[in-house]
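What follows is a set of notes on a single structure, which appears directly below.
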Amino acid sequence: MRVVLAEDLFLLRDGLVRMLQAYDFEIAAAVESGPELTKALAELNPDVAVVDVRLPPSHTDEGLQCALAARRERPGLPVLVLSQHVEQLYARELLADGTGGVGYLLKDRVFDADQFIDAVRRVAAGGTAMDPTVIKELLSRRAADPPLGGLTPRELEVLGLMAQGRSNAAIAAELVVTERAIAKHTSNIFAKLGLPVSDDDNRRVLAVLAYLDRGAA
Amino acid sequence: MGTRVRSAAVAGLRGLVLAVAGLAGSIALFVLSVLSIAFVVLGVGALTTPWVLGLVRHWANWRRVVAAEWCGVRIPATYRPFPDDLRGGVVGQAERCRLMLADPATWRDLRWLPVDMTAGFVTALLPAALIVYPLEGYALAAGLWRVFTDGTYVGWWYGFVPVSGQGTALLAALLGTALLATGLFVAPALLRVHFLLTRSVIAPADGELAERVRVLTETRRDAVDTSAAELRRIERDLHDGAQARLVAMGMDLGTIEALIEKDPARAKEMVARARRSSAEALTELRDLVRGIHPPVLAERGLGDAVRALALRLPVATEVEVAVELAGRPQAPVEAAAYFAAGEALANAVKHAGADRIWVDIAHIDGMLRISVTDDGKGGAAVAPGGGLAGIERRLGTFDGVLAVSSPAGGPTMVTMEIPCVLS
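For the protein sequence lines, the chains are A and B, in the order given. Each residue of the first sequence is one higher than the one before, counting from 14 in my numbering. Each residue of the second sequence is one higher than the one before, counting from 7 in my numbering.
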């Protein structure tokens with residue numbers, strides 16, 4: 014799997030390259046600025062891009078803007094955005110086009126190499142990987158609303174993991190229950206939220222996020 | 007013509023009020039002040055003087071208010087403020103006495119009292135007399151002259167007209183008409199002269215400048231205090247938080263080095279602990295950065311930073327953010343505006359119990375204007391030590407102002423304005 018990597022700090026870029034190579038990814042390019050990233054994405058047509066939000070020359074949200082622009086050029090281009098901090102505002106912008114293949118994670122997530130690589134693979138396959146902190150904020154905000162208030166604590170927990178982009182199998186492993194139990198929870202959740210059941214991981218995350226989004230500014 | 011008559015009549019009436027009240031008030035206060043200050047040497051005066059001088063200030067402030075309202079004459083008040091940590095009781099009162107007597111504004115007030123009861127009295131009485139005195143002329147012509155004379159001798163002087171019969175009484179009415187005509191034209195101007203006289207005595211020659219310097223000194227002190235406190239907080243947070251965790255991590259790594267061959271299971275456990283410590287250190291650093299300069303503010307500017315803030319509010323309050331900015335203000339102004347808006351939002355969520363909040367950000371006529379409106383229960387006020395007072399201080403550094411409209415029962419509207427240019 015070919016990866017384009019954009020990170021301006023040498024130490025982190027080097028670490029990410031090593032880690033991805035250790036998990037048998039092919040590094041198509043490892044760049045350090047916005048213009049270089051745009052060029053690499055256009056020319057190398059990678060399977061997935063791993064991008065730092067803040068990149069030179071502007072040192073603002075250049076990485077995010079480049080990724081969004083590249084996805085407008087090529088809808089569904091898998092992009093995993095890494096950041097020193099996560100903001101719902103940015104998560105919404107990434108999810109807005111609804112084509113999937115996006116991820117938005119705190120940089121700390123690379124500490125757990127297995128989970129991080131899992132997230133990269135999920136995004137490359139067209140799924141989503143949202144940072145738990147974004148999802149936690151979303152859920153705690155909306156939990157007071159009537160339809161979500163109808164969920165049991167366990168169902169809320171499952172919804173949270175589902176919103177991060179996890180599959181039923183992964184959720185079952187995380188909560189140490191059977192996959193069948195999770196399938197039952199998810200169908201309950203969809204019923205309570207009035208969402209049509211779908212077995213597409215990506216669509217169900219988008220559906221959940223769209224629901225959570227409803228009514229918020 | 008109607009408005010001229012009206013304004014002349016109003017000026018006359020006001021002159022009368024000023025003359026009568028001014029004479030009585032200024033004499034009474036002057037006597038009280040002189041006695042009180044004289045008794046300072048005996049000790050008793052130190053207790054009464056602040057009280058008496060306080061009355062004098064109220065008296066002068068009333069004049070400042072009517073001067074601005076009646077004639078548009080602005081008289082700046084330049085009293086030195088008392089320090090915040092003034093003690094109560096007898097000691098505090100003596101200290102207050104000393105501070106008031108050391109204030110040049112006090113002595114200007116005291117000098118003004120005798121001026122007000124003499125020249126001030128005359129200048130206030132003149133417009134009144136020009137309007138009222140002609141009435142006597144008409145009354146004489148209408149038959150009042152008979153009370154003073156039977157027509158054979160001069161019974162009464164009206165101005166320079168000796169009234170001795172109906173003929174001269176008519177002359178008095180003629181003079182009255184002339185006076186009234188004059189009064190119609192000059193009464194408002196004369197009242198203005200009275201206030202100009204007041205201003206020339208109680209306002210320092212460089213009044214507005216001195217006031218400006220005082221405000222700037224105060225806001226600079228606030229800014230220095232705030233930034234010093236902020237630095238201390240950052241230093242403490244780094245020292246107790248991230249720094250300590252990194253040290254602990256280093257120690258753990260040292261232990262791991264020693265254990266890795268002897269006891270791999272334990273070493274593995276410690277690696278996990280070191281990893282947790284590094285994650286926690288990162289979280290702490292992140293929170294610290296957010297408190298100093300929020301990342302979204304640095305990356306996107308005020309509008310999106312406030313939007314992101316609204317999304318992070320812990321409760322399900324609906325927040326609408328409307329932004330009309332053609333550029334970005336200077337970084338310090340932007341940060342102050344952001345934190346002020348954040349405080350106002352937090353207030354609305356915490357205290358108002360609002361369901362909806364509207365935030366409007368715009369740049370109009372060289373002013374960055376942010377208004378935070380909620381449909382909560384209202385009753386918010388700028389109280390010392392409160393959150394709104396904190397906003398006021400923060401904005402004050404940039405010559406910004408805060409206005410709060412919050413009737414009990416709501417809604418609450420907090421408006422902040424900071425003069426700035428966008429780039």
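Using N, Cα and C, we set each Cβ at its ideal position, and we do this for glycine too.
Beta-carbon spacing of residue i, residue j below 9 Å
i	j	result
residue 209/B	residue 81/B	yes
residue 330/B	residue 368/B	yes
residue 343/B	residue 422/B	yes
residue 275/B	residue 251/B	no
residue 115/A	residue 93/A	yes
residue 346/B	residue 354/B	no
residue 84/A	residue 110/A	yes
residue 202/B	residue 143/B	no
residue 417/B	residue 393/B	no
residue 188/B	residue 222/B	no
Residue i, buried or exposed, once every other Cβ within 10 Å from all chains shown has been counted against 16
i	result
residue 235/B	exposed
residue 175/A	buried
residue 411/B	exposed
residue 31/A	exposed
residue 163/B	exposed
residue 70/A	exposed
residue 113/A	buried
residue 405/B	exposed
residue 181/A	buried
residue 70/B	buried
residue 118/B	buried
residue 14/B	buried
residue 87/A	exposed
residue 127/B	buried
residue 62/A	buried
Where residue i meets chain B, residues with beta-carbon distance less than 9 Å
i	result
residue 101/A	314, 317 and 318
residue 150/A	317, 318 and 320
Per-residue DSSP class, three states only, for residue i
i	result
residue 36/A	coil
residue 156/B	coil
residue 90/A	coil
residue 179/B	helix
residue 8/B	helix
residue 86/B	coil
residue 141/A	strand
residue 388/B	coil
residue 362/B	strand
residue 284/B	helix
residue 319/B	coil
residue 94/B	coil
residue 351/B	helix
residue 428/B	coil
residue 369/B	strand
residue 64/A	strand
residue 81/B	coil
residue 56/B	helix
residue 14/A	coil
Cross-chain neighbours of residue i in chain B, by beta carbon under 7 Å
i	result
residue 141/A	What residue 141/A touches in chain B: nothing, since even the nearest Cβ is about 18 Å away.
Residue from the options whose Cα sits closest to the Cα of residue i
i	options	result
residue 37/A	97/A, 57/A, 27/A and 130/A	130/A
residue 200/B	28/B, 415/B and 100/B	28/B
residue 281/B	169/A, 67/A, 121/A and 140/A	121/A
residue 95/A	88/A, 71/A, 40/A and 136/A	136/A
residue 139/B	95/B, 184/B, 387/B and 409/B	184/B
residue 75/A	90/A, 17/A and 47/A	47/A
residue 140/A	179/A, 99/A and 88/A	179/A
residue 246/B	278/B, 233/B, 271/B and 287/B	287/B
residue 64/B	85/B, 311/B and 136/B	85/B
residue 177/A	22/A, 199/A and 144/A	144/A
residue 142/A	91/A, 151/A, 20/A and 190/A	91/A
Chain A contact residues for residue i, given Cβ-Cβ distances below 9 Å
i	result
residue 361/B	Within 9 Å Cβ-Cβ: nothing; residue 361/B doesn't reach chain A, min ~11 Å.
residue 219/B	Ordered by position in chain A, no residue passes the 9 Å Cβ test against residue 219/B, which lies about 39 Å from the chain.
residue 284/B	121 and 124
residue 281/B	124 and 125
Contacts that residue i makes with chain A (C-beta to C-beta distance below 7 Å)
i	result
residue 429/B	Correct list: empty, because the minimum Cβ distance to chain A is about 15 Å.
residue 302/B	100 and 102
residue 288/B	121
residue 292/B	97 and 98
Where residue i meets chain A, residues with beta-carbon distance less than 8 Å
i	result
residue 305/B	66, 67, 73 and 74
residue 310/B	102
Closer than 8 Å at the beta carbon, the chain B residues around residue i
i	result
residue 200/A	Under the 8 Å cutoff, chain B gives no residues; its nearest Cβ is about 26 Å from residue 200/A.
Residue i beta carbon near the ligand SAM (any heavy atom closer than 8 Å)
i	result
residue 28/A	The ligand SAM is not part of this structure, which contains no ligands at all.
Interface flag, residue i vs chain D, CB-CB below 9 Å
i	result
residue 296/B	Absent here is chain D; the protein component of the structure consists of chains A and B.
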